[in-house]
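Peer 1: Here it is, the structure, as structure tokens.
Protein chains: 2
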Amino acid sequence: MPQGQPSVVPDDGLTTRQRRNRPLVVVHTGIGKGKSTAAFGLALRAWNQGWPIGVFQFVKSAKWKVGEERALRVLGDSGEGGTVAWHKMGEGWSWVQRGLQGDNATNEEKAREGWEQVKRDLAAETYQLYVLDEFAYPMHWGWVDTDEVISVLRDRPGTQHVVITGRNAPAELVDFADLVTDMSKVKHPMDVGQKGQRGIEW
Amino acid sequence: MPQGQPSVVPDDGLTTRQRRNRPLVVVHTGIGKGKSTAAFGLALRAWNQGWPIGVFQFVKSAKWKVGEERALRVLGDSGEGGTVAWHKMGEGWSWVQRGLQGDNATNEEKAREGWEQVKRDLAAETYQLYVLDEFAYPMHWGWVDTDEVISVLRDRPGTQHVVITGRNAPAELVDFADLVTDMSKVKHPMDVGQKGQRGIEW
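Protein chains in written order, with UniProt numbering: chain A, 1 to 202; chain B, 1 to 202.
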């Protein structure tokens, strides 16, 4: 529950309003639960502000996020808040024509295709909040160049907020990001033999 | 992204299905961001399962959760997933008659009134997911007895999941809970003088 009182007032020549509206890069990392869940919770606030939201799921299987996806689609279609565009790598990205290259592409190629689309959308200012779910993995694995990501994010136009989730966020990205939370596992039911369950894990 | 493979199979006489459907007590604690946000993200999954959801906000001001509240109310009213009941301490609990005692009650009394209602709802199995937002504080401050909370949660009937958020979760509660995540702050824009902003902090 932040109280809105910064501990330091920086000498950066910006007004409070300019500083307040500075677009953020947010990273949720660590081995605990809640990284993606908190990112989708943040999307609820963006939706309430009427912002266009773009979700890019950088995972092979779409199994685990069905609840969030359905909820955000219903919200996006409700006509009350912002819009929601949901892109899934698992089924092949929607903008990649099937049969052409999508079906035979490796996960590495698909991850790169996803990042290329994010770059196009950032340049066009398509969304005001980007949820790049599990995007830390392709960077960690070297599929997408972290320095390029940082450079693109640094130079993005307008006030576009970007949230990146995933267990092994590269140190350079953590250094660059404005807001970083590490979700640490204290305990998990799987440690004592419980499997994932409906409504909790998905 | 849990893979669903427990590392230990316990000798507790339960089938996998019984173990899987065991109701959970989940705690989000720590000084970082994302504790409440991840709890509301979890509520999206519960909503998708069609579960009745009860949110109890144990905070004086309702300022910071307007986005989540509006989103969950729209979802609850959409007729597509579960229902959502949202209770706020800030405005006085809805079940406490105004003018009688609600207006003059201290925050300590209000927190206790909130907990009494949670107890009644748990006994009646009113909801399948309870989000007790910021409930760690009244326990930490001694307003609500942690041992009683644990005892009530241990003996609750049916399959009711309970998520408790807040910075200083008591150690006994952490010991008792099934799933605990500690949100650690790595960095936050307020450290460098940025105030909270629309769509991110609320």
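For every residue, glycine included, the Cβ atom is placed at its ideal position computed from N, Cα and C.
I'd like to know if GLY114/A contacts chain B, where contact means its C-beta is closer than 8 angstroms to some C-beta of that chain.
Peer 2: Residue numbering aside, residue 114/A sits at position 114 when the first sequence is read from its first letter. With 8 angstroms as the cut-off, GLY114/A does not count as an interface residue toward chain B.
Peer 1: Can you check whether the CB of VAL25/B is closer than 8 angstroms to the CB of ASP133/B?
Peer 2: As a working note, residue 133/B is residue 133 in the second sequence. As a working note, residue 25/B is residue 25 in the second sequence. No, the pair does not count as a contact, with Cβ atoms beyond the cut-off.
Peer 1: Please confirm whether VAL130/B and VAL118/B have their CB atoms less than 8 angstroms apart.
Peer 2: If you number the second sequence from 1, residue 130/B lands on position 130. If you number the second sequence from 1, residue 118/B lands on position 118. A small correction: the amino acid at residue 130/B is Tyr; Val does not occupy that position in the sequence shown. Yes. Within cutoff.
Peer 1: Is the CB of TYR46/B under 8 angstroms away from at least one CB in chain A?
Peer 2: What you label residue 46/B is simply residue 46 of the second sequence in a count that begins at 1. Going by the sequence as given, residue 46/B is Ala instead of Tyr. Interface residue, yes.
Peer 1: For chain B, find out if any of its Cβ atoms is closer than 8 angstroms to the Cβ of ALA111/A; answer yes or no.
Peer 2: Along the first sequence, one-based indexing puts residue 111/A at 111. Chain B contact via Cβ: absent.
Peer 1: Buried or exposed, going by whether 16 or more other CB atoms sit within 10 Å of the CB of ASN48/B?
Peer 2: Mapped onto the second sequence, residue 48/B falls at position 48. By the neighbour-count rule (16 or more Cβ atoms within 10 Å), ASN48/B is buried.
Peer 1: Give me the Cα-Cα distance between GLY196/B and VAL162/A, rounded to the nearest whole angstrom.
Peer 2: Mapped onto the second sequence, residue 196/B falls at position 196. Mapped onto the first sequence, residue 162/A falls at position 162. One C-alpha to the other measures close to 16 angstroms.
Peer 1: Taking C-alpha atoms, which residue in LEU122/A, THR29/A and TYR127/A lies nearest to MET183/A?
Peer 2: Your numbering for residue 183/A matches position 183 in the first sequence. Per the Cα distances, THR29/A.
Peer 1: When every heavy atom of the ligand SAM is checked, does at least one fall within less than 7 angstroms of the C-beta of GLY158/B?
Peer 2: Ligands displayed in this structure: none; no statement on the ligand SAM is therefore possible.
Peer 1: What are the residues in the stretch 171 to 183 of chain B lying within 8 angstroms of chain A by C-beta distance?
Peer 2: Listed by position, the residues of the stretch 171 to 183 of chain B near chain A (Cβ gap below 8 angstroms) are VAL174, ALA177, ASP178, LEU179, VAL180, THR181, ASP182 and MET183.
Peer 1: Among TRP141/B, GLY142/B and PRO157/B, which residue has its Cα nearest to the Cα of ARG120/B?
Peer 2: In the second sequence, residue 120/B corresponds to position 120, counting from 1. The residue with the shortest Cα to Cα distance from ARG120/B is PRO157/B.
Peer 1: Could you tell me which residues DSSP pairs with ALA129/A in its beta bridges?
Peer 2: Counted from its first residue, the first sequence places residue 129/A at position 129. Per the sequence presented here, residue 129/A reads as Leu, with Ala not at that position. BP columns for LEU129/A point to ILE53/A and HIS161/A.
Peer 1: If I'm right that PHE58/A touches PRO138/A with Cβ under 8 angstroms, what's the distance once you round it to whole angstroms?
Peer 2: Locating residue 58/A in the first sequence gives position 58, counting from the first residue. Locating residue 138/A in the first sequence gives position 138, counting from the first residue. Indeed they touch by this definition, with Cβ atoms about 6 angstroms apart.
Peer 1: Who are the near neighbours of VAL174/B in its chain, counting only those whose CB is closer than 8 angstroms to its CB and skipping five residues on each side?
Peer 2: Counted from its first residue, the second sequence places residue 174/B at position 174. The answer, listed in chain order, is VAL27, THR29 and VAL180.
Peer 1: Can you list the residues of chain B that ARG70/A reaches, using a CB-CB cut of under 9 angstroms?
Peer 2: As a position in the first sequence, residue 70/A is number 70, starting the count at 1. LEU44, TRP47, ASN48, GLU80 and GLY81, listed in chain order.
Peer 1: What in chain A is Cβ-close to TRP51/B, meaning under 8 angstroms?
Peer 2: In the second sequence, residue 51/B corresponds to position 51, counting from 1. Those within 8 angstroms of TRP51/B in chain A are GLY199.
Peer 1: Quick one: residues in its chain with C-beta nearer than 6 angstroms to the C-beta of LYS110/B, no 5 flanking neighbours on either side, listed in chain order?
Peer 2: Here the question's residue 110/B lines up with position 110 in the second sequence. The answer, listed in chain order, is MET89.
Peer 1: Just to confirm, is the Cβ distance from VAL144/B to LEU122/B under 8 angstroms?
Peer 2: Looking up residue 144/B in the second sequence gives position 144. Looking up residue 122/B in the second sequence gives position 122. No, the Cβ-Cβ distance between VAL144/B and LEU122/B is not below 8 angstroms.
Peer 1: Between PHE135/A and chain B, is any beta-carbon pair separated by less than 8 angstroms?
Peer 2: For the purposes of this step, residue 135/A is taken as the residue at position 135 of the first sequence. So, not an interface residue.
Peer 1: Helix, strand or coil: how does DSSP classify VAL147/A here?
Peer 2: Within the first sequence, residue 147/A is the residue found at index 147, counting from 1. The sequence given here has Asp at residue 147/A, not Val. The answer is helix: DSSP assigns ASP147/A an H, G or I state.
Peer 1: Chain A partners of HIS188/B, CB-CB under 7 angstroms?
Peer 2: Along the second sequence, one-based indexing puts residue 188/B at 188. Ordered by position in chain A, the residues that pass the 7 angstroms Cβ test against HIS188/B are LEU179.
Peer 1: Looking only at its chain, what residues have a beta carbon closer than 8 angstroms to the beta carbon of GLU125/B, apart from the 5 residues adjacent to it on each side?
Peer 2: By one-based count along the second sequence, residue 125/B stands at place 125. Hits under 8 angstroms: PRO157, GLY158 and GLN160.
Peer 1: Return helix, strand or coil for LEU44/B, following the three-state DSSP convention.
Peer 2: Taking the first residue of the second sequence as position 1, residue 44/B is located at position 44. Of the three classes helix, strand and coil, the one that applies to LEU44/B here is helix, per DSSP.
Peer 1: Going straight from the alpha carbon of LEU42/B to that of ALA169/A, what length do you get?
Peer 2: Start at 1 with the first residue of the second sequence, and residue 42/B comes out as number 42. Start at 1 with the first residue of the first sequence, and residue 169/A comes out as number 169. Distance between the alpha carbons of LEU42/B and ALA169/A: 23 angstroms.
Peer 1: Take ARG70/B as the anchor and find which of GLY82/B, GLU80/B and TRP86/B has the nearest alpha-carbon.
Peer 2: Looking up residue 70/B in the second sequence gives position 70. Checking every option, the nearest Cα to that of ARG70/B belongs to TRP86/B.
Peer 1: Output the distance between the C-alpha atoms of residue 211/B and ARG22/A, rounded to the nearest integer angstrom.
Peer 2: Examination of residue 211/B is not possible in this model, given that chain B is present from 1 through 202 alone.
Peer 1: I want to verify the contact list: residues of chain B whose CB lies under 8 angstroms from the CB of GLY67/A, in sequence order.
Peer 2: Stepping through the first sequence from its first residue, residue 67/A is reached at position 67. Within chain B, the residues near GLY67/A are LEU44, ARG45, ALA46, TRP47, ASN48 and GLN49.
Peer 1: Go ahead and pull the three-state DSSP assignment for GLY86/A.
Peer 2: Position 86 of the first sequence, counting from 1, holds the residue named residue 86/A. What sits at residue 86/A in the sequence shown is Trp, not Gly. TRP86/A falls in the strand class under three-state DSSP.
Peer 1: At a Cβ threshold of 8 angstroms, is PHE56/B touching chain A?
Peer 2: Here residue 56/B refers to the residue found at position 56 of the second sequence. No, PHE56/B does not count as interfacial toward chain A.
Peer 1: Can you confirm whether LYS88/A, when its beta carbon is compared against all beta carbons of chain B, has any partner nearer than 8 angstroms?
Peer 2: As a position in the first sequence, residue 88/A is number 88, starting the count at 1. Chain B contact via Cβ: absent.
Peer 1: Taking HIS140/B as part of the alpha helix (DSSP H), name the residues at either end of that continuous run.
Peer 2: Position 140 of the second sequence, counted from the start, is the residue given in the question as residue 140/B. 136 to 140 is the extent of the alpha helix (DSSP H) around HIS140/B.
Peer 1: Would you report the Cα separation of SER94/B and VAL84/A, rounded to the nearest angstrom?
Peer 2: The residue labelled residue 94/B in the question sits at position 94 within the second sequence. The residue labelled residue 84/A in the question sits at position 84 within the first sequence. Taking the straight line from one Cα to the other gives about 32 angstroms.
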